[in-house]
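Enquirer: Protein sequences, first through last, are from chains A and B. Here the numbering used here is used: position 89 in the first sequence is 1026, and no number is missing along the way. Here the numbering used here is used: position 28 in the second sequence is 31, and no number is missing along the way. Every residue gets a Cβ at the ideal spot worked out from N, C-alpha and C, and that includes glycine. Provided herewith is a single structure, encoded as structure tokens, for subsequent inquiry.
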Amino acid sequence: MLQIENLTVAFNQGTANEKKAIDDLSLTLNDGDFVTVIGSNGAGKSTLLGSIAGNVEVTSGKIVNNGRNITYEKEYRRSRYIGRLYQDPLKGTAPHMTIEENLGLAYSRGKRMHHGLGVRKSDEQMFHDACATLGLGLEDRMKSPVGLLSGGQRQALTLLMATLQPPELLLLDEHTAALDPVTSKKIMTITQQIVEKHQITTLMVTHNIENALRYGNRTVVMSEGRILKILSGPERQDMTIQDVMNLYASAGDTLSDKAILG
Amino acid sequence: MAFSTVIGSVELGLIFAIMSLGLFIAFRVLDLPDLTVDGSFVTGVACASVLTEAGHPLAGILAGALAGALAGCFTGFLHTKLKIHAILAGILTMTALYSVNLWIMQEKPSIFFYGVTTVFTPVQGRLFANGYDMGPLCLLLVIAAVLMAAMDYFLRTQLGLSLRATGDNEAMVRSSSINTDAMKILGFALCNGIVALAGGLYAEYSQTGTFTVGTGMLVLGLASIIIGEALFGKRTMRRHLLSVILGAVLYRILITYAFQLGLPASDLKLFSAAIVIIAISAPMVKPYLEKRRKRHAAD
Chain A
938 MLQIENLTVA
948 FNQGTANEKK
958 AIDDLSLTLN
968 DGDFVTVIGS
978 NGAGKSTLLG
988 SIAGNVEVTS
998 GKIVNNGRNI
1008 TYEKEYRRSR
1018 YIGRLYQDPL
1028 KGTAPHMTIE
1038 ENLGLAYSRG
1048 KRMHHGLGVR
1058 KSDEQMFHDA
1068 CATLGLGLED
1078 RMKSPVGLLS
1088 GGQRQALTLL
1098 MATLQPPELL
1108 LLDEHTAALD
1118 PVTSKKIMTI
1128 TQQIVEKHQI
1138 TTLMVTHNIE
1148 NALRYGNRTV
1158 VMSEGRILKI
1168 LSGPERQDMT
1178 IQDVMNLYAS
1188 AGDTLSDKAI
1198 LG
Chain B
4 MAFSTVIGSV
14 ELGLIFAIMS
24 LGLFIAFRVL
34 DLPDLTVDGS
44 FVTGVACASV
54 LTEAGHPLAG
64 ILAGALAGAL
74 AGCFTGFLHT
84 KLKIHAILAG
94 ILTMTALYSV
104 NLWIMQEKPS
114 IFFYGVTTVF
124 TPVQGRLFAN
134 GYDMGPLCLL
144 LVIAAVLMAA
154 MDYFLRTQLG
164 LSLRATGDNE
174 AMVRSSSINT
184 DAMKILGFAL
194 CNGIVALAGG
204 LYAEYSQTGT
214 FTVGTGMLVL
224 GLASIIIGEA
234 LFGKRTMRRH
244 LLSVILGAVL
254 YRILITYAFQ
264 LGLPASDLKL
274 FSAAIVIIAI
284 SAPMVKPYLE
294 KRRKRHAAD
């Protein structure tokens, strides 16, 4: 369970440029929740993810994961139990290392450093099978450098790496935004499969309203660093893109074209 | 070239191959050219000289390697914790080492220890070819081979993978629960430890410890790595490491040959820099010529 209590993140504090990216926000994710987050540019979606992951410094408030206060824990330590995907498919993999080596590194996440090879003979079959579940043919290229893969393949691999050791929390930061529509859909399908299979608590930021309503069990609508509305249950099911836009309009916020077209 | 000259330059080449393998960790694995090596090589020389003179040749080399690793840690500390640019951090440590090395050598700019037992003494006078003592060559070959095998293995262990990934994609490594600062410090330490080890071997091989010998070591190492990669490839890690060794030996032979052709010793550094520039830029010449040819053909 992830509890965010009265979280505030302010940039350039004490100067004329002070901006509250997150303003007194509280949100609770129950175990197995798949929550999507939408909002216009500058609504604070990425900052929210960043402060949970630990690369954005929190100004005040509290972030508690499974009973442990992680508000000021170091980024690399949090990543033992938080998996993360970025918009840029090149960000999540090491291009000069093979698929197998990348997986080996990901598989060791959160475990004690072991002696011996990073890719053990006993793991090879498991890595092979895990790649096969993606249905992209990566399992036949285990010894190829990741740099040779396409953006979509790399993002799928990153997703696999982030969940090979199912994390307590999965943060997806517009992870399909840089892909073409077909690949984007494919990655979303894989995401859903993996999340459901392992029952991973997931927070997904997206610009795509349709995806935000279709995937997951709750949708958080953000505006100006606050939560405008949390949609769930029948209300969420009956929600159309137009309804969400009206919601924004009522808050005096505007959406980018991408949210409607993308 | 006479047989003894060739063997002599292969021996020196192997010492510089060991040095280049060290630099490989900073330059290729971490992708950070580390200027500390110009100083840490001499640290190895200084420790080995002083301790060999005192009758502890092996301890001298090990102490040198340890001191070099410490110097690397310091550069790593400057770079990761004090956020000093990697190149400047290396220059700072190198400059500081200048004094430290003199201090280790008890303020003597050079130490000669002819006739004293070195690590090469036990292997001397056993195996001859054309009247030339092959002992030192064999010992150096074994050290280079063992080091290469050890590095090849290490870089495939979990720690090794983490180190490589840190140089390859730092953002990814941070989000996979690895402390990138620790990895970088480790990389700098390994790099300079191995470089200092080579420095110790160099001192005992030449039975001289001169504290100015480190100047240009980085360029020499880069030349070896780049020449090796260009001529022998870098497809797998093992191949890549072997290329570095071959590159270093070849480079040494090239320099010996240049000396024989009458290159004045004072022009050595100029020659080294020129070789690095040519080796780095050579891969760009071919596509350029091809493009030009196409453009002219289109006219």
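Output needed in chain order: residues of the stretch 152-167 of chain B with a Cβ under 7 Å from some Cβ in chain A.
Expert: Arg159, Thr160, Gln161, Leu162, Gly163, Leu164, Ser165, Arg167
Enquirer: Name the chain B residues whose beta carbon is nearer than 9 Å to that of Pro1026/A?
Expert: The contacting residues do not exist; Pro1026/A stays about 11 Å from chain B at best.
Enquirer: Taking only runs of the beta strand (DSSP E) that begin and end inside the stretch 952-1004 of chain A, which ones reach a length of at least 3 residues, in chain order?
Expert: 956-966, 971-976, 997-1002
Enquirer: Closer than 8 Å between beta carbons: that is the criterion. Which residues of the stretch 175-208 of chain B meet it against chain A?
Expert: Cβ contacts with chain A come from Met175, Val176, Arg177, Ser178, Ser179, Ser180, Ile181, Asn182, Thr183.
Enquirer: Could you pull out every residue in the same chain whose Cβ sits closer than 7 Å to the Cβ of Ala282/B, ignoring the five residues on either side in sequence?
Expert: So the qualifying residues of the chain are Ala226, Ile229, Ile230, Ala233.
Enquirer: Buried or exposed: Arg167/B, going by 16 or more other Cβ atoms within 10 Å of its Cβ?
Expert: That one is buried.
Enquirer: Residue range of the beta strand (DSSP E) that Leu1140/A falls in?
Expert: 1138-1142
Enquirer: Counting only runs of 3+ residues fully inside the stretch 162-226 of chain B, write out the beta strand (DSSP E) ranges in chain order.
Expert: 211-213
Enquirer: Just to confirm the assignment, what range does the alpha helix (DSSP H) spanning Gln1129/A have?
Expert: It spans 1118-1135 - the alpha helix (DSSP H) in which Gln1129/A sits, taken as one unbroken run.
Enquirer: Could you list which residues in chain A have their beta carbon closer than 7 Å to that of Asp136/B, in chain order?
Expert: Correct list: empty, because the minimum Cβ distance to chain A is about 39 Å.
Enquirer: Identify whether Glu1037/A lies in helix, strand or coil by the three-state DSSP scheme.
Expert: For Glu1037/A, the secondary structure class from DSSP, reduced to helix, strand or coil, is helix.
Enquirer: Hey, could you find the ends of the alpha helix (DSSP H) Pro115/B is sitting in?
Expert: For the sequence presented, residue 115/B should be read as Phe rather than Pro. Element bounds for Phe115/B: not the alpha helix (DSSP H) but the beta strand (DSSP E), 113-115.
Enquirer: Assuming Arg177/B and Glu1038/A make a contact with CB atoms under 8 Å, what is their CB distance in whole Å?
Expert: Contact doesn't hold; Cβ gap of about 18 Å is too wide.
Enquirer: Cβ closer than 7 Å: which chain A residues qualify as neighbours of Asp37/B?
Expert: What Asp37/B touches in chain A: nothing, since even the nearest Cβ is about 19 Å away.
Enquirer: Taking 8 Å as the threshold, find out whether the stretch 1019-1035 of chain A comes into contact with the stretch 1086-1097 of chain A through three or more Cβ pairs.
Expert: The stretch 1019-1035 of chain A is in contact with the stretch 1086-1097 of chain A.
Enquirer: Based on Cα-Cα distance, which residue from Leu292/B, Arg241/B, Pro60/B lies nearest to Val149/B?
Expert: Checked all of Leu292/B, Arg241/B, Pro60/B; the closest Cα to Val149/B is Arg241/B.
Enquirer: Taking Cβ-Cβ distances below 9 Å as the criterion, which residues of the stretch 1160-1179 of chain A are in contact with chain B?
Expert: none
Enquirer: For Val47/B and Ile1007/A, what's the separation of their Cα atoms in angstroms?
Expert: Looking at the sequence provided, one finds Gly at residue 47/B rather than Val. Looking at the two C-alpha atoms, the distance is approximately 45 Å.
Enquirer: If Leu33/B and Lys187/B are in contact, beta carbons under 8 Å, what's the gap, nearest whole angstrom?
Expert: Contact holds; Cβ gap of about 6 Å.
Enquirer: Could you tell me if His82/B is buried or exposed, where buried requires 16 or more neighbouring beta carbons within 10 angstroms of its beta carbon?
Expert: Looking at its Cβ environment, which holds 16 or more other Cβ atoms inside 10 Å, His82/B is buried.
Enquirer: For Ile278/B, report the span of its beta strand (DSSP E) as first-last.
Expert: Note, Ile278/B: premise wrong, no beta strand (DSSP E); alpha helix (DSSP H) at 271-301.
Enquirer: Counting along the chain, where does the beta strand (DSSP E) carrying Phe948/A start and finish?
Expert: 939-948
Enquirer: Assuming Gly16/B contacts Ile197/B (C-beta within less than 8 Å), just tell me the rounded distance between them.
Expert: That pair is no contact at about 16 Å.
Enquirer: Got a sec, what are the start and stop residues for the alpha helix (DSSP H) Gly323/B sits in?
Expert: An answer regarding residue 323/B cannot be provided, because it is not within the stretch 4 to 302 covered by chain B.
Enquirer: Output the distance between the C-alpha atoms of Met1125/A and Met1098/A, rounded to the nearest integer angstrom.
Expert: Taking the straight line from one Cα to the other gives about 16 Å.
Enquirer: Could you tell me the alpha carbon to alpha carbon distance between Gly58/B and Ala51/B, rounded to whole angstroms?
Expert: 10 Å
Enquirer: Can you list the residues of chain E that His1135/A reaches, using a CB-CB cut of under 7 Å?
Expert: Absent here is chain E; the protein component of the structure consists of chains A and B.
Enquirer: Tell whether a beta-carbon distance below 8 Å holds between Ile1185/A and Ser1160/A.
Expert: Rather than Ile, the amino acid found at residue 1185/A in this sequence is Tyr. Yes, these two residues count as a Cβ contact at 8 Å.
Enquirer: Just the C-alpha distance for Ile1137/A and Asp1175/A, rounded to the nearest angstrom, thanks.
Expert: About 25 Å.
Enquirer: Whose CA, out of Ile18/B, Tyr291/B, Asp37/B, Val288/B, lies closest to the CA of Leu143/B?
Expert: Ile18/B
Enquirer: In whole angstroms, what separates the C-alpha of Asp1077/A from that of Leu1086/A?
Expert: 12 Å
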